[in-house]
Amino acid sequence: MEAPARARWRAQLGGWRGWLFALLGVYVLGAAVFLIAGGARPAMTSLVAMEEEVETGETAADRGPAPTAALAATDDPAAPQYAAAPEPMPAPACSDIRPVEHNVDPGLSGVHALGFVTLDEEPAAFSGYVGCPLIVNFFASWCVPCVTEMPDFERFWNAHGTTVAVLGLAANDRLEDAIETVAERGVTYPTGLDEGELFIDFGGLGMPTTVFVSPEGEILETHSGLLTLDDIATRAEEHFGL
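Residues in the sequence shown are numbered from 233 upward in steps of one, following this note's numbering.
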């Protein structure tokens, strides 16, 4: 190749090299500006968040982590308020317990594993009284002290039925006579019939017999003999902390 031709070729090659270096410099400079301006931050995938950034001038990084509903509300009106956690459901009142809605559960312990029959001849179970203090009064229509103390159990039930359950069980009695006695004495607390050996299981010795049962189904006291309203209240305070 002649000298003039080689000179022109080198001049052209030098020009292309200059352009390439110039373009490479522009690319490097642009990348540096992009990184400095925050281009390394992950792209936002929410259009709503992008609109908020445009309107407020704040980025997600500036705002920090989003608050959760578990944060407690404050009295400061300027502070953000969040919904409080739902309150737990209150336990049902002892007076609302219906033994007929429960089944005998042998997996439970003590009294709570037993069952009985209501005066309406429906099967019922002590498992309904789990978690509730219970007073069981064994009575009979032919037992004068039993009939005498029944109104006092009714008065106690009316005063404390929401926190202490009362159950009357007719023992060694005919169903018809037990139903008549309950109606005549104005009893409204749950009643039933001891068709088996509940009286013996509860430690009864004579009529009437009253048994105080813990919320866990443990027999705390078995008393044979008449009780007045004061007697019932005193024992309930001693055993159940009323």
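C-beta atoms are modelled at their ideal positions from N, C-alpha and C, and glycine is treated no differently. On a predicted model such as this, the values are computed, not experimentally measured, just so you know.
Cβ contact check for the segment 376–386 and the segment 358–366: 3 or more pairs under 8 Å: No: the two stretches stay apart, fewer than three of their Cβ pairs being nearer than 8 Å.
Give me whichever residues DSSP pairs with PRO355 in a beta bridge. In the sequence shown, residue 355 corresponds to position 123, counting from 1. Bridge partners of PRO355: VAL349.
Roughly how many whole angstroms lie between the Cα atoms of ASP328 and LEU437? Along the sequence shown, one-based indexing puts residue 328 at 96. Along the sequence shown, one-based indexing puts residue 437 at 205. If you take the alpha carbons of ASP328 and LEU437, they lie about 30 Å apart.
Simplified DSSP assignment, three categories, for SER446: Translated into positions along the sequence shown, residue 446 becomes position 214. In the structure shown, SER446 sits in coil (DSSP, three-state: anything other than H, G, I, E or B).
Taking the C-alpha atoms as reference points, what is the distance between GLY393 and VAL376? Position 161 of the sequence shown, counted from the start, is the residue given in the question as residue 393. Position 144 of the sequence shown, counted from the start, is the residue given in the question as residue 376. Cα to Cα, the separation comes out at about 25 Å.
Taking the C-alpha atoms as reference points, what is the distance between PHE444 and MET382? For the purposes of this step, residue 444 is taken as residue 212 along the sequence shown, with counting starting at 1. For the purposes of this step, residue 382 is taken as residue 150 along the sequence shown, with counting starting at 1. Computed Cα separation, rounded: 16 Å.
Proximal residues to PRO338 (C-beta, below 8 Å), its chain only, five neighbours per side dropped: Position 106 of the sequence shown holds residue 338. These residues qualify, in order along the chain: ALA345.
What residue from ALA402, GLU469, GLU416 has the CA that sits closest to GLU353's CA? In the sequence shown, residue 353 corresponds to position 121, counting from 1. Per the Cα distances, ALA402.
Residues bridged to GLU453 [DSSP beta-bridge criterion]: Along the sequence shown, one-based indexing puts residue 453 at 221. GLU453 is bridged to PHE444.
When DSSP labels each residue in this structure, what does VAL362 get in the three-state scheme? On the sequence shown, position 130 is the one that residue 362 refers to. Coil.
With burial defined as no fewer than 16 other Cβ atoms inside 10 Å of the residue's Cβ, what is the status of MET276: buried or exposed? The residue labelled residue 276 in the question sits at position 44 within the sequence shown. Reliability fails at MET276, whose pLDDT of 43 lies under 50, so the model's placement of it is uncertain and the value that follows must be treated cautiously. Flag for MET276 reads exposed.
Can you name the residues that DSSP bridges to THR423? For the purposes of this step, residue 423 is identified with residue 191 of the sequence shown, where counting begins at 1. In DSSP, THR423 forms a bridge with GLY400.
Residues in the same chain with beta-carbon distance under 7 Å from THR454, minus the five sequence neighbours each way, listed in chain order, please. Locating residue 454 in the sequence shown gives position 222, counting from the first residue. Excluding sequence neighbours, THR454 sits near PHE434, GLY435, GLY436, THR441, VAL443.
Kindly indicate the opening and closing residues of the alpha helix (DSSP H) around ILE329. Taking the sequence shown and counting its residues from 1, the one referred to as residue 329 is at position 97. Here ILE329 belongs to no alpha helix (DSSP H), and DSSP marks it neither H nor E.
Enumerate in chain order the residues of its own chain whose CB-to-CB distance from ILE451 is below 8 Å, with the five nearest sequence positions on each side excluded. What you label residue 451 is simply residue 219 of the sequence shown in a count that begins at 1. GLY342, VAL343, PHE434, GLY435, VAL443, PHE444, VAL445, listed in sequence order.
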